[in-house]
Structures are given as C-alpha cells and as structure tokens.
Amino acid sequence: MAAPEDHIGITGVGVYIPEGRMNAEEIAERTEGEWETWAVKEKLGIKEKVVPGENDGTQAMGAAAARRAIDRAEVDPAEIDVVLGIGEEWKEYPLTTSSIYISHVVGADNAWAIDVQQRCGTTVAALKLAEDLMLNNEEYNKVLIAGGYRNIDLVDYSDPEMSMMYNLAAGGGALLVEKNCGRNVLEGSHLISDGSMARDVGVEIGGVAEPVTAENVDDAFYLRMFDVEHMKSRLEEVSIDNWLYCIDQAFDKADRKVEDMDYLAVLHFKPSMHEFLLEQLDLNPDQTTYLEEYGHMGQIDQILSLKLGLESGKIKPGSVVSMISAGIGYAWAANVIKWGG
0 MAAPEDHIGI TGVGVYIPEG RMNAEEIAER TEGEWETWAV KEKLGIKEKV VPGENDGTQA
60 MGAAAARRAI DRAEVDPAEI DVVLGIGEEW KEYPLTTSSI YISHVVGADN AWAIDVQQRC
120 GTTVAALKLA EDLMLNNEEY NKVLIAGGYR NIDLVDYSDP EMSMMYNLAA GGGALLVEKN
180 CGRNVLEGSH LISDGSMARD VGVEIGGVAE PVTAENVDDA FYLRMFDVEH MKSRLEEVSI
240 DNWLYCIDQA FDKADRKVED MDYLAVLHFK PSMHEFLLEQ LDLNPDQTTY LEEYGHMGQI
300 DQILSLKLGL ESGKIKPGSV VSMISAGIGY AWAANVIKWG G
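Here the sequence shown is numbered in numbering that gives the first Met the number 0, starting from 0 and rising by one per residue.
Now the structure itself:
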C-alpha cells in the first residue's frame, strides 16, 4: 500500500533508559512478605525493572530521549514546529511545562509547545494529535513528541491493593514525526475513555482535596486505589473488549484487516493478560516484546517496544505495527503504522 497523499510518518525514535535496576527479589522484599520472588516473576511478569538515578528527572529523561530522536531523524531542531510533551506530572518541579523545557534544551526554539496527558495512553493519543495538527495546518511539518516517566517513586510496596503497579519503572521516550515523509506512516488511530473510573486510582494525598499536613506527610504522594472493587470489576468487564474494539477500529480506518498485524507494541502488564491478548489477536510471542526486564514506563512503553522491535528484527520494512495502550482514568487506544517506505 503506497503512502497516502497527505500523511505523517515517524522519522526518529529516541529512548533513554537509566542504568539502575530493581530485581524481583528486591520487589518481593519491599512487599514485606505479601509477595514471594517467584510470584513477582511469574504472576507480575517482572524479572527486573529500571530505576532512576540521581539526575534522571522526568523532564531530563524526556529531553535525553528527544535529542536521540532528533539525531536519528537528522533534523535541525530549529525546523520543529510543535513539541507535544507526553511526560508524567510527577516531575522535577510541579507546575512547570515539560514540553517547553524540552524544546529549549534540544534547541527547538521556533516551536510552540504544550503538555498532553492521558496517563499510559499519552503516546498513542499524541500521535493522533500530531497527525491532526499537521494535516490541518499548512505551516506545521515537523512535530516532536517527547517525555519522561518515573512514577516508580509513587509506589508503596507495602500496600497489597497496588500490586498492579509494582511494575512501575523509569525512562524517557521520543518520536519525531513529519508530514508527507513517505515512510513509517501512521495509517489509523482509535481512542476511547470510560469516566466511571476517573477517580478509582490516583495520588490520594498531595492535592487540593487532601493537602499535605504534618499528620499525613508520611503517606503523601503515593498512588492509592480509591475504589478497589469498582476498579477491578469494571476492568474485568470492559478492558479486553475495549482494547479489541480500538484495534478493530484503527485497522478499519487504515483499510486493513487485524490479521495484517506483524508486530504489537504493547505496554507491560501481567503475563496472563498479555498471553490472553496475543491469543485473541492470533499472534505469537515473536510478534511482540514482553518488557519483563524493563518494567512499566507508562506511556514510554510503546516507544521502547518499537525500538526493541526494530533492533531485534521483529519489525522489518513493510511490517504492519500496532501500538496499543491503556491509561488509568480510564482510556484505551490503538493505532496502525506501516513501517518502511
């Protein structure tokens, strides 16, 4: 299939991975007996995960990844028109705009910048936004998507209700996308959200509703499950169906069949769900990358999986790639990318 007359494509992929690691045994120890090492490995799917170093701030990691994406695209950063920040809200300084910081650090001085946020769904959403920006505005030809993630800092391993987030890690990712570049074309996207879970998970203490006080400071800034039963029951009811629906819709918009998929760039989650999803899509493990040696870097996972897929040869010229994501709140998304020229 030839690239459409008007399209966007990925010309640069950048990933920054800190050197630190936390292995399954260390995670088990932090749960104070709730989880054993074998269960962390087999049930949560974590052999080890990436932990940030002293200078690995959220914005700094996003900037490091952005530099790499720009270098691989062989683009003058002064030519970038827009910077979409996909980094998390847990960052060096609250209420600073990550995309503006990144644009300055990498020399994208002619770009305007804005942060977008959909938790772990942000990368797929940002690619859709980049497409709409460029195809509906003649003056926009290059968009940088970049951000960092270190919500690992917000994990309380002594809280058994939060075991689904024991995999949170740290890293940075970036994509340089260009209009009518003729390669690595974004062919279709579909996103949905479910507001009934908007406040089922979050940081309970540290905001306007529950400010930090001398009495609660030891419990502040941790991720908590606000409504455990609703969250679990609702996810069991809709999550896989919503993902499959997004995938179906994205492939339909791309004028392709789901059976055309060659590689699935998916976030890290427990092995049983990962294997079930592959079964539903009739994919084998060689058509994806399970991030058991990295953990879950939120919205960076799709970019990391794309990079690993390219390096391993799982993604080749002509491969049909689908990025899928899910973000607490709750949101699901999928896209279709035809890799190569």
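Yeah, the Cβ is synthetic: ideal placement off N, Cα and C, and Gly gets one too.
| Check | Outcome |
| --- | --- |
| Check E47 in the structure and name its three-state DSSP category. | strand |
| What's the call for P17, buried or exposed, on a 16-neighbour Cβ count within 10 Å? | buried |
| Suppose you measure from the CA of I45 to the CA of S195; what does that come to, to the nearest Å? | 30 Å |
| Taking the Cβ atom as the reference point for each residue, do D80 and K141 lie within a distance shorter than 7 Å? | yes |
| In terms of residue numbering, what span does the beta strand (DSSP E) encompassing A22 cover? | Just to set this straight, residue 22 is Asn in the shown sequence, not Ala. From DSSP, the beta strand (DSSP E) with N22 extends over 19-22. |
| Alpha carbon to alpha carbon, how far is N109 from R233? Give it in angstroms, no decimals. | 45 Å |
| Taking the alpha carbon of A219 as the reference point, which residue from L290, D281, G201 has its own alpha carbon closest? | G201 |
| Would L167 and I191 be called neighbours here (beta carbons separated by less than 7 Å)? | no |
| For E33, which residues does DSSP report across the bridge? | According to DSSP, E33 bridges with nothing at all. |
| Using a 10 Å radius around the Cβ and a threshold of 16 neighbouring Cβ atoms, would you call L94 buried or exposed? | exposed |
| Where does I7 sit, in a helix, a strand or coil, going by DSSP? | strand |
| Indicate the three-state DSSP secondary structure (helix, strand or coil) for K256 in the structure shown. | coil |
| Helix, strand or coil for S304 per DSSP? | helix |
| I believe L126 touches A65 by the beta-carbon criterion, under 8 Å. Please report the beta-carbon distance rounded to the nearest angstrom. | Wrong, their Cβ atoms sit about 15 Å apart, outside the cutoff. |
| Can you check the region 73-154 for any alpha helix (DSSP H) of at least 4 residues that lies completely inside it and give the ranges in chain order? | 97-105, 121-134 |
| Kindly indicate the opening and closing residues of the beta strand (DSSP E) around S324. | 319-326 |
| Can you tell me which of Q298, K48, A63 puts its alpha carbon nearest to the alpha carbon of N54? | A63 |
| Please state whether the Cβ-Cβ distance between Y165 and L43 is less than 7 Å. | yes |
| So what's A65 in DSSP terms, helix, strand or just coil? | helix |
| In the DSSP assignment, find the unbroken alpha helix (DSSP H) run with M272 in it and report its ends. | 270-279 |
| Assess contact between the region 308-318 and the region 229-249, defined as three or more Cβ pairs (one per stretch) separated by less than 8 Å. Is contact present? | no |
| I need the DSSP call for N334, collapsed to helix, strand or coil. | strand |
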